[in-house]
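A.B. asks: This is the structure I have questions about; it appears just below.
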């Protein structure tokens, strides 16, 4: 099962389509997925994106944050063939964004915000490809900067993880944010 653009779940905001036909992974694989996400949340909270991309991200990555369109239930208009997105990144795009963050030239990052990532509701399912895991999770990112700047962002993620000789690697990520308009001043962090 593929995750991201063109998947059977690409028109769902919460990644719930087709969940009934998915088979849970075993306890060993589920624990590996949880450890992967907990490590990722720690690296994100430390703004250690270089270690994240080097140790946890596959070179085939598709990192996608689409913008969804609010539609009435009776609206029969076809969804856009290429939905707009905030992120639609491959490995090189992610690496470039991390390089920009490492320059310390982003004005919004000086002084650095205090950030915390929480991960919850982790589910992991088998796929048709041995070693690939379809994983769902929810996140909460709380960011504080200066005295009065605080933002909280809540969303879900639909991932394709791949078991390699070095451990699990992130191959696809679709980020689902329930807000029609992201009210945060910037998105200088990973989700």
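Residue numbers (the working numbering): 24 to 214. Glycine included, C-beta positions come from ideal geometry on N, C-alpha and C.
Give the DSSP bridge partners of residue 175, in chain order.
C.D. replies: 165
A.B. asks: To the nearest angstrom, how far is it from the Cα of residue 47 to the Cα of residue 156?
C.D. replies: 9 Å
A.B. asks: Can you tell me which of the three DSSP states residue 54 falls into?
C.D. replies: Residue state, collapsed to three classes: helix.
A.B. asks: Residue 78 by DSSP, collapsed to three states: which one?
C.D. replies: helix
A.B. asks: Residue 80 and residue 114 look like a contact to me (Cβ under 8 Å); what is the Cβ gap, rounded to whole Å?
C.D. replies: Contact holds; Cβ gap of about 7 Å.
A.B. asks: Residue range of the beta strand (DSSP E) that residue 111 falls in?
C.D. replies: 108 to 112
A.B. asks: Quick one: is residue 63 buried, meaning 16 or more other Cβ sit within 10 Å of its Cβ, or exposed?
C.D. replies: buried
A.B. asks: Rounded to the nearest angstrom, what separates residue 77 and residue 159 at their Cα positions?
C.D. replies: For residue 77 and residue 159, the distance between alpha carbons rounds to 22 Å.
A.B. asks: Throw me the rounded Cβ distance for the residue 144 and residue 161 pair, which I believe falls under 8 Å.
C.D. replies: 4 Å
A.B. asks: Secondary structure at residue 160, three-state DSSP: helix, strand or coil?
C.D. replies: It is a strand residue.
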